[in-house]
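**Q** In the working numbering, the protein residues as written are 49 to 333. Backbone N, C-alpha and C fix where the C-beta goes; we use that ideal spot for every residue, glycine too. This is the structure I want to talk about, given as structure tokens.
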């Protein structure tokens, strides 16, 4: 899909988003769920630790902005279309997440004995029968594929941009269709190797997701700090607010955010040592 360009990927993403919305709408209609039927737990029944865990999971419904930005050049009018697409995407992700939560709470398909990933499949089987589970599984797979597709293409574009100071480098080459296929192939190879390592070592996938949360939040925090340095006026106030929210999210992750902090510190040490080496060996740079 990455070899077919951004327009083909955009069309596929739109189709997948439509399928997700159709599935949620079908559940709401078949279950005859009305707004008055949707009840949420009382505030005094919510513990802070579980709230933090839920927020960390909910954060995944909105990640992707850092990938989206690298594809902004694909818009015909980035200054006009990019903010619109971003806001629509955030609102759509929030609505889908809220609807799924409301459905799970309405049917009561949650407990310590039920895996979180099994809630929606159980509801689908209850409403439509076991045959409909295949449709839901295909839509779920396409959802994962859509996310991977966006991140792979975005990362490939980022690598190609960073290699512009070495135009003859393998990763700086574009295909006849002006696509960074070499960078994309390297990324896909790394993804395959990483998946095999996770499978071979039997690494807990849920733990990796939590650690990745810290990385995403740290990226957003660095973006907000850059905004504090570069922006003025109202935009500066928004950047400061974003910094505070990111710090709050890191605090909610607790010790699980240490992975992101350690990785950032390690990169900082590597970057400083590399700069020091380049200053002492100017010809090598």
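1) On the premise that residue 78 lies in contact with residue 155, defined as a C-beta separation below 8 Å, what is that separation, rounded to the nearest angstrom?
2) Using a Cβ-Cβ cutoff of less than 7 Å, which residues in the same chain neighbour residue 73 once the five nearest sequence positions on both sides are dropped?
3) Just checking, does the stretch 258-271 make contact with the stretch 289-302 on the three C-beta pairs under 8 Å criterion?
4) How would you call residue 198, buried or exposed, if buried means at least 16 neighbouring beta carbons within 10 angstroms?
5) Which value, in whole angstroms, describes the spacing of the CA atoms of residue 213 and residue 220?
6) Taking the alpha carbon of residue 262 as the point to measure from, which residue in 103, 96 and 91 has its own alpha carbon closest?
7) What is the C-beta distance between residue 151 and residue 68, in whole angstroms, given that I count them as a contact (C-beta under 8 Å)?
8) Using the three-state DSSP reduction, which class does residue 251 fall into: helix, strand or coil?
9) Under the rule that 16 or more other beta-carbon atoms within 10 Å means buried, what is residue 306, buried or exposed?
10) Can you tell me where the alpha helix (DSSP H) holding residue 187 begins and where it ends?
11) Shortest alpha-carbon distance to residue 237 belongs to which of 180, 204, 312 and 85?
12) Out of 252, 276, 141 and 101, which one is the CA nearest neighbour of residue 191?
13) Could you give the distance in angstroms between the alpha-carbon of residue 338 and the alpha-carbon of residue 171?
14) Note down the Cα distance separating residue 106 from residue 216, rounded to an integer number of angstroms.
15) Just to confirm, is the Cβ distance from residue 64 to residue 166 under 7 Å?
16) Work out the CA separation of residue 265 and residue 369 for me, nearest whole Å.
17) Go through its chain and collect everything with a Cβ distance to residue 207's Cβ below 6 Å, but skip five positions before and after it.
18) So the candidates are 283, 260, 291 and 251; which of them puts its Cα closest to the Cα of residue 273?
19) Residue 315 lies in the alpha helix (DSSP H); which residues open and close that run?
20) Under 7 Å Cβ to Cβ from residue 245, same chain only, skipping five residues before and after it: list those, please.
21) Enumerate in chain order the residues of its own chain whose CB-to-CB distance from residue 75 is below 6 Å, with the five nearest sequence positions on each side excluded.
22) Confirm, please, whether the CB-CB distance from residue 251 to residue 200 is below 7 Å.
23) Return yes when the Cβ of residue 287 is within less than 7 Å of the Cβ of residue 293, no when it is not.
**A** Result, derived from the coordinates:
1) Residue 155 to residue 78, Cβ: 11 Å. No contact.
2) No residues qualify anywhere along the chain.
3) yes
4) buried
5) 9 Å
6) 103
7) That belief does not hold up - the Cβ atoms of residue 151 and residue 68 are roughly 13 Å apart, past 8 Å.
8) Coil.
9) Here residue 306 is exposed. Its C-beta has fewer than 16 other C-beta atoms within 10 Å.
10) 180-210
11) 204
12) 141
13) Outside the displayed range of the chain (49 to 333) lies residue 338, so it cannot be described from this structure.
14) 42 Å
15) No.
16) With the chain covering 49 to 333 only, the question about residue 369 has no answer from this structure.
17) Taken in chain order, the residues that qualify are 219 and 231.
18) 291
19) 306-328
20) Leaving aside the five residues that flank residue 245 on each side, none in its chain has a CB nearer than 7 Å to its CB.
21) Cβ within range, chain order: 151.
22) no
23) Not a contact, by the Cβ cut-off of 7 Å.
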